[in-house]
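Mapping of the sequence shown onto this note's numbering: residues 4 to 327, in sequence order.
Each residue gets a CB set at the ideal place from its N, CA and C atoms; glycine is no exception.
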Amino acid sequence: MSAPALERPADGPVDTAALQQQFDAVIAAGHRIEPRDWMPEGYRKTLIRQIAQHAHSEIIGMQPEGDWLLSAPSLRRKAILLAKVQDEAGHGMYLYSAAETLGADRADLTDKLITRKQKYSSIFNYPTPTYADVGVIGWLVDGAAICNQVPLCRSSYGPYARAMIRVCKEESFHQRQGYELLMTMMRGTPEQRAMVQDAVDRWWWPSLMMFGPPDDDSPNSAQSMAWGIKRHSNDELRQRYVDMSVPQAEVLGVTLPDPELALDPATGRHRFGAIDWDEFKQVISGSGPANAERIARRRAARDDNAWVTEAATAYAAKHAADAA
Ligand code: FAQ
């Protein structure tokens, strides 16, 4: 629920202290901030940064699995994959729309992505050499995305929180289709089982990195949590994800590639080995295995399809003129 917008005379002085007080009260009460509401500049900037990175991740995230669209092993698998990749495009669109409610310009955000001024998730910089990667992305990557994004349905910014509700419902379908694909492969030949294990070995550690740096090295977490943009810390969500994934791996019959992974009977949580944060830093600074390819393809998609945007803009302008 959002608080009523603060009334002030159109040409009167702006009482920033009163506006800040009202904003703080809305956040403290756990209510929503809406686009019409006054908000501190830092809150707006942080939201644009996170929502834009999230949107970019969905759009770039179409590429690793999209690579398999033309060679999916059956018509059924192709239909499922096509639906999933289209869903990711839809998520990107909701998120760019949410960023626009904060005054961001969609074309400008795309420009910032392809000139590397804004980031996208580290996870989409790894290649997908076998079809088991499609299943493992669904199981682990969408699983991590759900873990991270379900709490964002309670984020303090209304348009972001509402976009997350539909996104999470679709991510749940994505996770299940991935797990079902892997279950099918695990019931198959020894080669298929080996393919699944190999994909799990390659994606497990990068999936843990999706939650961001450790809490004591996360410059944005404290303020984002105080503002109610994030509801849990990076490490809390990572732990929740590990605890959720271990029994799923057991049912599937795969081994998670971490010899230190063990249930701590005292806490009921799983201890796990050290994450390679140097690899994470390299990937987010543009030197991951597929960074250059991902950005080059996004740039080409924008440039090659510029005529569609131009035609749609001209069409909308013509209709607006006819209606005037
Ligand atoms: N990759 O201070 P923090 C998906 C950056 S969608 C790249 O902890 P924050 C669906 C961070 O931006 C996946 N960069 O930052 C799908 C910051 O850089 P900056 C995307 C990362 O924002 C599935 C710096 O490090 N999900 O998977 C990463 O408080 C399958 C310091 O970090 C979202 O975006 C990373 N992993 O927390 C699609 C969810 N982690 O901006 C296709 C929303 C951190 O200062 C197929 N976002 N950085 O230069 C969030 O929850 C947060 O932004 C975090 C990072 C948790 C990602």
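- Under the three-state reduction of DSSP output, ALA320 falls in the helix class.
- The continuous stretches of beta strand (DSSP E) do not include ASP281, which lies in the alpha helix (DSSP H) extending over residues 280-285.
- Ranked by Cα distance from TRP208, the options PHE275, ILE36, ALA293 are led by PHE275.
- For ARG274, the uninterrupted beta strand (DSSP E) run begins and ends at 272-274, by DSSP.
- Straight-line measurement puts the Cα of ARG234 at about 27 Å from the Cα of ARG119.
- Note that the C-beta distance between GLY95 and ILE62 is below 8 Å.
- In terms of Cα proximity to TYR160, the closest of ALA319, ARG47, ALA317 is ARG47.
- In this structure, the beta-carbon distance from VAL139 to TRP41 does not fall below 8 Å.
- Apart from sequence neighbours up to five positions away, the residues of its chain that approach MET186 with a beta-carbon distance below 7 Å are LEU255, ordered along the chain.
- A Cβ-Cβ contact shorter than 8 Å links LEU259 with ALA252.
- Contact annotation: ILE117 and ILE298 have beta-carbon atoms nearer than 8 Å.
- Between ASP204 and the set PRO216, ASP261, ILE149, SER236, the nearest pair of CA atoms involves ASP261.
- Shown here, TYR97 sits in a helix according to DSSP, grouped into three states.
- Boundaries of the alpha helix (DSSP H) around ASP111: 109-117.
- By the Cβ neighbour-count rule, ASN308 is exposed, with fewer than 16 other Cβ atoms within 10 Å of its own.
- If you look at ALA265, you'll find it in the beta strand (DSSP E) that goes 265-267.
- Of the candidates PRO16, ARG302, ALA314, ARG302 places its Cα closest to the Cα of ASP111.
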